[in-house]
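Asker: All letters in the sequence shown, in the order written, are residues 1 to 249 by the UniProt record's numbering. Please read through the structure below; I'll follow up with questions.
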Amino acid sequence: MAPSSRHDVISRIVRIMETLSRADDLLSIRDIEERTGIPRTTVHRFLRSLKQEDWVYQDPITENFRTGIRFFLSFDRHAFYHELIQRCDPYMKELSAKTGKTVLLSVLNGTEGRCIHSVEPATALKFVAHKGMAIPLHAGATGKILLAFAKPENQQTVFSQELVPFTSKTTTDPEELKDQIEIIKKQKYAFSQEEWMIHAGDLSIPIFDRNGQFVCQLGIAGLSSSFDGHVEELLTLLREGGAQISSQL
1 MAPSSRHDVI
11 SRIVRIMETL
21 SRADDLLSIR
31 DIEERTGIPR
41 TTVHRFLRSL
51 KQEDWVYQDP
61 ITENFRTGIR
71 FFLSFDRHAF
81 YHELIQRCDP
91 YMKELSAKTG
101 KTVLLSVLNG
111 TEGRCIHSVE
121 PATALKFVAH
131 KGMAIPLHAG
141 ATGKILLAFA
151 KPENQQTVFS
161 QELVPFTSKT
171 TTDPEELKDQ
181 IEIIKKQKYA
191 FSQEEWMIHA
201 GDLSIPIFDR
211 NGQFVCQLGI
221 AGLSSSFDGH
231 VEELLTLLRE
241 GGAQISSQL
């Protein structure tokens with residue numbers, strides 16, 4: 001490809017992505033054509049390629065487009081987190097209302113987890129999580145989900161470190177932790193009671209994008225005793241919410 005042709009292709013991709021990023025709603029191919037001046041057939045061809053790279057998302061019902069979450073991850077992690085929160089928040093609010101529990105959204109940050117968003121129920125007694133809160137990967141369902149789907153080198157770093165006990169129920173044996181993580185990865189959920197905090201319980205699942213790539217953790221937390229006899233029911237609700245979120249990624 002000649003330099004001038006390559007520059008033209010890049011310029012058109014930039015215009016399409018800028019147009020999608022600035023839009024408040026999903027755009028049709030015709031909308032993009034009108035806003036960029038790029039012929040419709042060319043827009044369609046570029047969108048098809050960008051969709052394969054997860055830079056754009058196409059709604060399966062309207063067939064309209066918006067910026068894909070992987071586009072933000074490629075250039076600006078903070079923008080990625082912001083976009084991820086925007087996509088997840090409505091479903092997190094619905095999940096909190098249904099379960100009466102705090103809903104957490106967390107990501108892997110090196111050898112620890114990081115809470116990037118939480119939604120608390122309208123009750124006086126609840127688990128409180130704040131944005132930016134560090135989460136240990138060896139204690140509690142939230143951290144263990146992140147550890148289970150971390151890269152092998154990140155896992156090995158955690159396994160080789162001292163596993164600090166937070167409560168009497170914290171896993172401090174690396175071999176035991178490895179066994180737990182293997183099970184969690186197979187069943188795609190984790191449940192814990194008082195492993196990280198006294199009187200606190202949490203139930204967590206991994207969130208994947210449409211291509212099956214791990215993106216983040218979604219979970220619910222509350223009083224440990226409030227989970228007794230309700231884990232299966234709560235897990236069903238959690239997975240339903242997770243499926244809705246994944247469909248948007």
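No residue lacks a Cβ here, since even glycine has one placed at the ideal position from N, Cα and C.
Taking the CB atoms as reference points, tell me whether LYS101 and SER225 lie closer together than 9 Å.
Answerer: As a first step, residue 101 must be located in the sequence shown, where it is residue number 101. As a first step, residue 225 must be located in the sequence shown, where it is residue number 225. For the 9 Å CB-CB criterion, LYS101 and SER225 do not form a contact.
Asker: Roughly how many whole angstroms lie between the Cα atoms of GLN213 and THR36?
Answerer: Walking along the sequence shown from the start, residue 213 turns up at place 213. Walking along the sequence shown from the start, residue 36 turns up at place 36. Each residue's Cα considered, the two are about 31 Å apart.
Asker: Would you decide whether VAL43 is buried or exposed? Buried here means 16 or more other CB atoms lie within 10 Å of its CB.
Answerer: Residue numbering aside, residue 43 sits at position 43 when the sequence shown is read from its first letter. VAL43 should be labelled buried.
Asker: Can you tell me which of the three DSSP states ILE13 falls into?
Answerer: Position 13 of the sequence shown, counted from the first residue, corresponds to residue 13. Helix, per DSSP.
Asker: Out of PRO39, ILE32, PHE71, state which residue places its alpha-carbon closest to the alpha-carbon of LYS51.
Answerer: Working through the sequence shown from its first residue, we reach residue 51 at position 51. That would be PHE71, whose Cα lies nearest to the Cα of LYS51.
Asker: Going by DSSP, what residues sit across from ALA190 in a beta bridge?
Answerer: Working through the sequence shown from its first residue, we reach residue 190 at position 190. Bridge partners of ALA190: SER204.
Asker: Buried or exposed: ALA129, going by 16 or more other Cβ atoms within 10 Å of its Cβ?
Answerer: Indexing the sequence shown from 1 puts residue 129 at position 129. Answer is buried; the Cβ neighbour count reaches 16.
Asker: Would you kindly work out how many angstroms separate the C-alpha atoms of ILE13 and ILE29, rounded to a whole number?
Answerer: For the purposes of this step, residue 13 is taken as the residue at position 13 of the sequence shown. For the purposes of this step, residue 29 is taken as the residue at position 29 of the sequence shown. The alpha-carbon atoms of ILE13 and ILE29 are separated by roughly 14 Å.
Asker: Return the Cβ separation of PHE191 and SER246 in integer angstroms, given the expectation that the two are a contact with Cβ distance under 8 Å.
Answerer: Your numbering for residue 191 matches position 191 in the sequence shown. Your numbering for residue 246 matches position 246 in the sequence shown. Not a contact, Cβ separation roughly 20 Å.
Asker: Between which residues of its own chain and THR99 is the CB-CB distance below 7 Å, once the five residues before and five after are set aside?
Answerer: Counted from its first residue, the sequence shown places residue 99 at position 99. Here the set comprises ILE220, LEU234, LEU237.
Asker: Which first and last residues belong to the beta strand (DSSP E) in which LEU108 is found?
Answerer: To locate residue 108, count along the sequence shown from 1; it is residue 108. Taken as a continuous stretch (DSSP letters only), the beta strand (DSSP E) holding LEU108 covers 102 to 109.
Asker: Verify the contact flag: GLU153, CB atom, against every heavy atom of the ligand PLP, threshold strictly below 8 Å.
Answerer: The ligand PLP is not among the ligands present in this structure, which contains no ligands whatsoever.
Asker: Compute the beta-carbon to beta-carbon distance between THR170 and ALA139, rounded to the nearest angstrom, for a pair I have assumed lies under 8 Å.
Answerer: Here residue 170 corresponds to residue number 170 of the sequence shown, with the count starting at 1. Here residue 139 corresponds to residue number 139 of the sequence shown, with the count starting at 1. At roughly 5 Å, the Cβ-Cβ gap stays under 8 Å, so THR170 and ALA139 are in contact.
Asker: Report buried or exposed for VAL164, applying the criterion of at least 16 other Cβ atoms within 10 angstroms of its Cβ.
Answerer: Translated into positions along the sequence shown, residue 164 becomes position 164. Under this definition VAL164 is an exposed residue.
Asker: Is LEU20 helix, strand or coil when you go by DSSP?
Answerer: The residue given as residue 20 occupies position 20 in the sequence shown. Three-state DSSP puts LEU20 in a helix.
Asker: Could you name the residues that DSSP lists as bridge partners for ILE220?
Answerer: Along the sequence shown, one-based indexing puts residue 220 at 220. In the DSSP output, where bridge partners are listed per residue, ILE220 has VAL103, LEU203.
Asker: What did DSSP end up calling ARG114 once you bin it into helix, strand or coil?
Answerer: Numbered from its first residue, the sequence shown carries residue 114 at position 114. Assignment of ARG114 by DSSP, reduced to helix, strand and coil, places it in the strand class.
Asker: What distance in whole Å lies between the Cβ atoms of LYS178 and PHE159, which are believed to be in contact at a cut-off of 8 Å?
Answerer: One-based indexing of the sequence shown puts residue 159 at position 159. One-based indexing of the sequence shown puts residue 178 at position 178. The distance from the Cβ of PHE159 to that of LYS178 is about 6 Å, consistent with a contact at the 8 Å cut-off.
Asker: By the three-class DSSP mapping on this structure, what secondary structure does ALA134 have?
Answerer: For the purposes of this step, residue 134 is taken as the residue at position 134 of the sequence shown. Of the three classes helix, strand and coil, the one that applies to ALA134 here is strand, per DSSP.
Asker: Note down, in chain order, each residue of its chain lying with its Cβ closer than 6 Å to the Cβ of ALA2, except the 5 sequence neighbours on either side.
Answerer: As a working mapping, residue 2 is identified with position 2 in the sequence shown. The pLDDT assigned to ALA2 is 48, lower than 50, so where the model puts this residue is not dependable, and the model offers no usable value.
Asker: Spell out the partners DSSP gives THR67 in its beta bridges.
Answerer: The sequence position of residue 67 within the sequence shown is 67, counting from 1. Bridge partners of THR67: VAL56.
Asker: Express the C-alpha separation of THR67 and ARG22 in angstroms, rounding to a whole number.
Answerer: Stepping through the sequence shown from its first residue, residue 22 is reached at position 22. Stepping through the sequence shown from its first residue, residue 67 is reached at position 67. So the alpha carbons of these two residues sit roughly 9 Å apart.
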